[in-house]
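*Asks:* Here you go, one structure.
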Amino acid sequence: MATTTAAPATSAAQPSIFETLGVKPVINACGIYTDLGGSRLSPRVLAAMAEVNGSFLRMVDLLEKSGQRIADLLGAEAAQVTPGAAAGIMLGTAACMAGTDGTRSQQLPDTQGMRSEVLIQRRHRYKYDRQVGMTGARLIEVGGDNGTNPWELAEAITARTAMLIHPAHLDGVAGTVGLEETAKLAHERGVPVFVDAAYMNYPTDIMGSYVRKGADLVALSAKYFGGPNAGGFVMGRRDLIAAVANVHFTRYESGRFLKYGRPLKMDRQTIAAVVVALEEWLAMDHAARFAGYARQAAWLRDALAGLRGATSQPMCFTMDERLVPEPVNALVIRIDPALAGMSAAGVAEALEAGTPSIMAVQDDDRIAIVMDVLEDAEVAVIAARLRTLLAPA
Ligand SMILES: *Cc1c(COP(=O)(O)O)cnc(C)c1O
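For the sequence shown, the working numbering gives the first residue as 44, with consecutive numbering after it.
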């Protein structure tokens, strides 16, 4: 066994990976965004990744057991970890077309001989519905700009329909058919309903609620619950999760079929991290988490007191990117250009241009400093930068 020498403590001796690559670090005051790296992994999640790094296992086995653990935690029949919720949409769509038939998994995205139409209510169209079409399926809009009637949705279901997709965050939008009614009319016609619940994770009861409301498959993204940026899972009906496994990345070379999902592969570290992050999320004291954000927001407000043209207020920056009063997870700073000497857009630009780059949310005459993934030391850096930019009164 090789002896190990103690690694030098960080600092001068060893340039950071950022320095080596010439990448400018970012203080993320926006919240959880794929383009900024997702979330911050906890020590326990990192430890789980390091632990599985130490040994090998059969990926099929890990996918099956981790899936069952997730399903048990959330009250679903079965589940399968996927490289994110967008991948979950692809794999779920492919699963609804191919079932557990390996030949069909290999045939995709050629959908000949399969049910290959996916229905979506027109008012439910959203950015990630693009994933449906990447499988070879055809996305078909039902209804109009004012909504969709239940009978329209029912009539649109034919022998060509593979599934219905229903984005959870748009459930109940005016004029649309809700999830429970959608599931009922789809099931009467033998067609499954897929729910994208990517960020529906708080209160935590909501995560398992869609299955109880009749969804056959539900996708969540791990980036929103402290898991890896490239992690997530699909849960739901056991037969459909078996179909997801049939189109997933494993057994490409060792099995009989060149399965559809081979490019959507994952590391064992990612799979372990998704499970541990979910366990942590479910056990977490979320009241304390929000109290932490409120404390950071109050600290920052005090640190900015007396700045000319900047008035701040603790607020909530929601998952669908709106500013509402509660629960507080951000400090919103209103900039008066006449007094501050620069606009909110100018402040945001200056924050971004500095080193480290500070990425904040700018909305009209307001800047929001979102605490979701900020450490106290970073909030202090933001305070100092804002004080330099905005002259004191
Ligand atoms: C982020 C997001 C996704 C994609 O999730 P990934 O895990 O990043 O693939 C899908 N749907 C919604 C609503 C999202 O916010």
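Here a beta-carbon is modelled for each residue, glycine too, at the ideal position from N, C-alpha and C. No experiment lies behind these values; they were computed from the predicted model shown.
Could you tell me which of Asp-379, His-167, Glu-223 and Glu-160 sits nearest to Ser-355, measuring between CA atoms?
*Replies:* Mapped onto the sequence shown, residue 355 falls at position 312. The candidate whose alpha carbon is nearest that of Ser-355 is Asp-379.
*Asks:* Whose C-beta lies closer than 7 Å to the C-beta of Asp-310 among residues of the same chain, with five residues either side of it excluded?
*Replies:* Mapped onto the sequence shown, residue 310 falls at position 267. Once the five neighbours on either side are set aside, Asp-310 has no close Cβ partner at all.
*Asks:* Rounded to whole angstroms, what is the Cα-Cα separation between Ala-383 and Thr-431?
*Replies:* As a position in the sequence shown, residue 383 is number 340, starting the count at 1. As a position in the sequence shown, residue 431 is number 388, starting the count at 1. If I take the Cα positions, the gap works out to 12 Å.
*Asks:* Would Ala-137 pass as a contact of Val-290 if the rule is Cβ separation under 8 Å?
*Replies:* By 1-based counting over the sequence shown, the position of residue 137 is 94. By 1-based counting over the sequence shown, the position of residue 290 is 247. Result yes, Cβ atoms of Ala-137 and Val-290 sit closer than 8 Å.
*Asks:* Taking the straight line between their C-alpha atoms, what separation do you get for Leu-89 and Gln-111?
*Replies:* Residue mapping note: residue 89 aligns to position 46 of the sequence shown, counting from 1. Residue mapping note: residue 111 aligns to position 68 of the sequence shown, counting from 1. Rounded to the nearest angstrom, the two C-alpha atoms are 22 Å apart.
*Asks:* Can you tell me whether Ala-129 sits near ligand 1, meaning its C-beta is under 7 Å from at least one heavy atom of the ligand?
*Replies:* Within the sequence shown, the letter at position 86 stands for residue 129. Under cutoff, so the answer is yes.
*Asks:* What I want to know is whether the C-beta of Thr-77 ends up closer than 7 Å to one or more non-hydrogen atoms of ligand 1.
*Replies:* Position 34 of the sequence shown, counted from the start, is the residue given in the question as residue 77. Yes.
*Asks:* Closest by CA to Ile-200, which one among Ala-320, Lys-227 and Asp-408?
*Replies:* Your numbering for residue 200 matches position 157 in the sequence shown. Of the listed residues, the one whose Cα sits closest to Ile-200 is Lys-227.
*Asks:* At the level of alpha carbons, what is the spacing between Asn-192 and Lys-108?
*Replies:* To locate residue 192, count along the sequence shown from 1; it is residue 149. To locate residue 108, count along the sequence shown from 1; it is residue 65. Approximately 41 Å, taken between the alpha carbons.
*Asks:* Pick out the complete beta strand (DSSP E) segments inside the segment 151-218, 3 residues or longer, and give them in chain order.
*Replies:* As far as the segment 151-218 is concerned, its whole beta strand (DSSP E) runs of at least 3 residues are 160-164, 181-185 and 204-210.
*Asks:* Can you check DSSP and say which residues form a bridge with Asp-239?
*Replies:* Locating residue 239 in the sequence shown gives position 196, counting from the first residue. Bridge partners of Asp-239: Pro-210 and Ala-262.
*Asks:* Rounded to whole angstroms, what is the Cα-Cα separation between Pro-271 and Leu-84?
*Replies:* Start at 1 with the first residue of the sequence shown, and residue 271 comes out as number 228. Start at 1 with the first residue of the sequence shown, and residue 84 comes out as number 41. The straight-line gap from Cα to Cα measures roughly 7 Å.
*Asks:* Give the range of the alpha helix (DSSP H) segment to which Asp-104 is assigned.
*Replies:* The count along the sequence shown starts at 1 and reaches residue 104 at position 61. Segment 102-117, the alpha helix (DSSP H) holding Asp-104.
*Asks:* So within the segment 121-154, which uninterrupted alpha helix (DSSP H) runs reach at least 4 residues, ignoring any that extend past its ends?
*Replies:* As far as the segment 121-154 is concerned, its whole alpha helix (DSSP H) runs of at least 4 residues are 128-141 and 145-150.
*Asks:* Give a single yes or no on whether Asp-239 has its beta carbon closer than 7 Å to a heavy atom of ligand 1.
*Replies:* In the sequence shown, the residue the question calls residue 239 occupies position 196. Yes, since a heavy atom of ligand 1 falls inside the 7 Å radius drawn around the Cβ of Asp-239.
*Asks:* Since Ala-426 contacts Leu-325 with CB under 8 Å, what's their CB separation in whole angstroms?
*Replies:* Taking the first residue of the sequence shown as position 1, residue 426 is located at position 383. Taking the first residue of the sequence shown as position 1, residue 325 is located at position 282. Not quite, the Cβ-Cβ distance comes to about 34 Å (not below 8 Å), so this is no contact.
*Asks:* Roughly how many angstroms lie between the CA atoms of Met-363 and Asp-406, to the nearest whole one?
*Replies:* On the sequence shown, residue 363 is found 320 positions in, with the first residue counted as 1. On the sequence shown, residue 406 is found 363 positions in, with the first residue counted as 1. Before going further, note that residue 363 is Asp rather than Met in the sequence given. Their Cα atoms are separated by approximately 14 Å.
*Asks:* Is it buried or exposed for Ala-348, if we count other Cβ within 10 angstroms and need 16 for buried?
*Replies:* To locate residue 348, count along the sequence shown from 1; it is residue 305. Answer is exposed; the Cβ neighbour count stays below 16.
*Asks:* Compute the minimum distance between the beta carbon of Lys-266 and the heavy atoms of ligand 1, and state whether it is under 7 Å.
*Replies:* Along the sequence shown, one-based indexing puts residue 266 at 223. Yes; taking the cut-off as 7 Å, the Cβ of Lys-266 has a heavy atom of ligand 1 nearer than that.
*Asks:* How many angstroms separate the CA atom of Thr-77 from the CA atom of Lys-170?
*Replies:* Numbered from its first residue, the sequence shown carries residue 77 at position 34. Numbered from its first residue, the sequence shown carries residue 170 at position 127. Cα to Cα, Thr-77 sits roughly 14 Å from Lys-170.
*Asks:* Judging by CA-CA distance, which residue of Ala-265, Leu-417 and His-209 is the nearest neighbour of Ala-320?
*Replies:* Residue 320 sits at position 277 when you count from the first residue of the sequence shown. The residue with the shortest Cα to Cα distance from Ala-320 is Ala-265.
*Asks:* Which same chain residues, not among the five before or five after Phe-61, have their C-beta less than 7 Å away from its C-beta?
*Replies:* Here residue 61 is taken as the residue at index 18 of the sequence shown, counted from 1. Cβ neighbours of Phe-61 beyond the five flanking positions: Pro-68.
*Asks:* Is Thr-48 helix, strand or coil when you go by DSSP?
*Replies:* The residue given as residue 48 occupies position 5 in the sequence shown. For Thr-48, the predicted structure reports a pLDDT of 42, less than 50, and the residue's modelled location is therefore unreliable. A value from the coordinates is still provided. Of the three classes helix, strand and coil, the one that applies to Thr-48 here is coil, per DSSP.
*Asks:* Identify the continuous beta strand (DSSP E) that holds Val-375 and give its terminal residues.
*Replies:* The count along the sequence shown starts at 1 and reaches residue 375 at position 332. Taken as a continuous stretch (DSSP letters only), the beta strand (DSSP E) holding Val-375 covers 373-378.
*Asks:* According to DSSP, is Thr-225 helix, strand or coil?
*Replies:* What you label residue 225 is simply residue 182 of the sequence shown in a count that begins at 1. Here Thr-225 sits in helix by DSSP.
*Asks:* Just to check, is the beta-carbon of Gly-275 closer than 7 Å to a non-hydrogen atom of ligand 1?
*Replies:* Indexing the sequence shown from 1 puts residue 275 at position 232. Checking every heavy atom of ligand 1 against the Cβ of Gly-275, one is found closer than 7 Å.
*Asks:* Return the CA-CA distance between Pro-399 and Ala-119, expressed in angstroms with no decimal places.
*Replies:* One-based indexing of the sequence shown puts residue 399 at position 356. One-based indexing of the sequence shown puts residue 119 at position 76. Going by the C-alpha atoms only, they are around 43 Å apart.
*Asks:* For Pro-210, is the classification buried or exposed, using 16 other Cβ atoms within 10 angstroms of its Cβ as the cut-off for buried?
*Replies:* Position 167 of the sequence shown holds residue 210. By the neighbour-count rule (16 or more Cβ atoms within 10 Å), Pro-210 is buried.
*Asks:* Which of the three DSSP states, helix, strand or coil, is assigned to Pro-306?
*Replies:* In the sequence shown, the residue the question calls residue 306 occupies position 263. Looking at Pro-306 - three-state DSSP - the assignment turns out to be helix.
*Asks:* Going by the DSSP bridge assignment, what does Cys-359 pair with across the sheet?
*Replies:* Position 316 of the sequence shown, counting from 1, holds the residue named residue 359. According to DSSP, which records beta bridges pairwise, Cys-359 is partnered with Val-367.
*Asks:* For ligand 1, is there a heavy atom less than 7 Å away from the beta-carbon of Tyr-171?
*Replies:* Here residue 171 corresponds to residue number 128 of the sequence shown, with the count starting at 1. Indeed, a heavy atom of ligand 1 lies less than 7 Å from the Cβ.
*Asks:* Tell me whether Glu-160 is buried or exposed, calling it buried when 16 or more other Cβ atoms sit within 10 Å of its Cβ.
*Replies:* Translated into positions along the sequence shown, residue 160 becomes position 117. Glu-160 is buried by the Cβ-count criterion.
*Asks:* Just list the residues that DSSP pairs Asn-71 with in beta bridges.
*Replies:* Along the sequence shown, read from residue 1 onward, the residue named residue 71 stands at position 28. DSSP lists Met-402 as partners of Asn-71.
*Asks:* Please list, in chain order, all residues of the same chain as Ala-388 whose beta carbon is under 7 Å from its beta carbon, the five residues on each side excluded.
*Replies:* Here the question's residue 388 lines up with position 345 in the sequence shown. Contacts found: Gln-405.
*Asks:* Since Val-236 contacts Leu-196 with CB under 8 Å, what's their CB separation in whole angstroms?
*Replies:* As a first step, residue 236 is located in the sequence shown; it is residue number 193 there, counting from the start. As a first step, residue 196 is located in the sequence shown; it is residue number 153 there, counting from the start. That pair is no contact at about 11 Å.
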